[in-house]
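Heads up: the sequence shown begins at 0 in numbering that gives the first Met the number 0, then just goes up one per residue.
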Amino acid sequence: MPLEGHYERQTTPLYKLSSREIKVAVGIVAVTLVTVIAMVAFTGASNSNPAPAQGCINPTVAGIVGAETLGACGQEAVDICTHAAEYTGARAETIVANCEKQAVKF
Numbered sequence: 000m001p002l003e004g005h006y007e008r009q010t011t012p013l014y015k016l017s018s019r020e021i022k023v024a025v026g027i028v029a030v031t032l033v034t035v036i037a038m039v040a041f042t043g044a045s046n047s048n049p050a051p052a053q054g055c056i057n058p059t060v061a062g063i064v065g066a067e068t069l070g071a072c073g074q075e076a077v078d079i080c081t082h083a084a085e086y087t088g089a090r091a092e093t094i095v096a097n098c099e100k101q102a103v104k105f
């Protein structure tokens, strides 16, 4: 059974923020938001994963732990494409599609 005045004592704040402290908190939140928006804008504008060079492949396929990107050029790319063409399934189809897109002869 609650005691008289117990609710008020529990819900009353211990300290009321002054107007100066509120302004500082609002300023910190504003600077943080501007910084986050700037970081998202600048990192989203650049392409961190450019298209591979002619004769190179870089398909992203399902791996043991998660997605993995296979990167290969030249004879290694031809070997990977030839090996993948012998199989069926999503992984092999993704590799073969990337090989055909990059015009790797296999």
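Ideal Cβ positions, reconstructed from N, Cα and C, are used throughout, including at glycine.
Small disclaimer: the values here were computed from a predicted structure and weren't measured.
By a C-beta neighbour count over all protein chains shown, 10 Å radius and 16 as the cutoff for buried, is Pro58 buried or exposed?
Under this definition Pro58 is a buried residue.
Grouping DSSP H, G and I as helix and E and B as strand, with all else coil, what is Ile164?
The structure shown has nothing for residue 164, since the chain only spans 0 to 105.
Please give the ranges of any beta strand (DSSP E) in the segment 60–95, keeping only runs that are unbroken, at least 3 residues long and fully inside the region.
Fully enclosed beta strand (DSSP E) runs of 3 or longer: 66–68.
Do you know offhand how far Ala40's Cα is from Thr34's?
So the two alpha carbons sit approximately 10 Å from each other.
Using the C-alpha atoms, what's the distance from Val60 back to Thr93?
Their Cα atoms are separated by approximately 7 Å.
Keeping to the same chain, check which residues put their C-beta closer than 6 Å to that of Ala106; ignore five residues upstream and five downstream.
No answer is possible for residue 106: it lies beyond the span of the chain, which begins at 0 and ends at 105.
Between which residues of its own chain and Ala83 is the CB-CB distance below 7 Å, once the five residues before and five after are set aside?
These residues qualify, in order along the chain: Ala91, Ile94 and Val95.
Can you check DSSP and say which residues form a bridge with Ile56?
Answer is Ala71.
Hey, Cys55 and Cys72 are a contact pair by Cβ (cut 8 Å); roughly how many whole angstroms apart?
At roughly 4 Å, the Cβ-Cβ gap stays under 8 Å, so Cys55 and Cys72 are in contact.
Would you report the Cα separation of Thr87 and Gly43, rounded to the nearest angstrom?
Roughly 35 Å between the two C-alpha positions.
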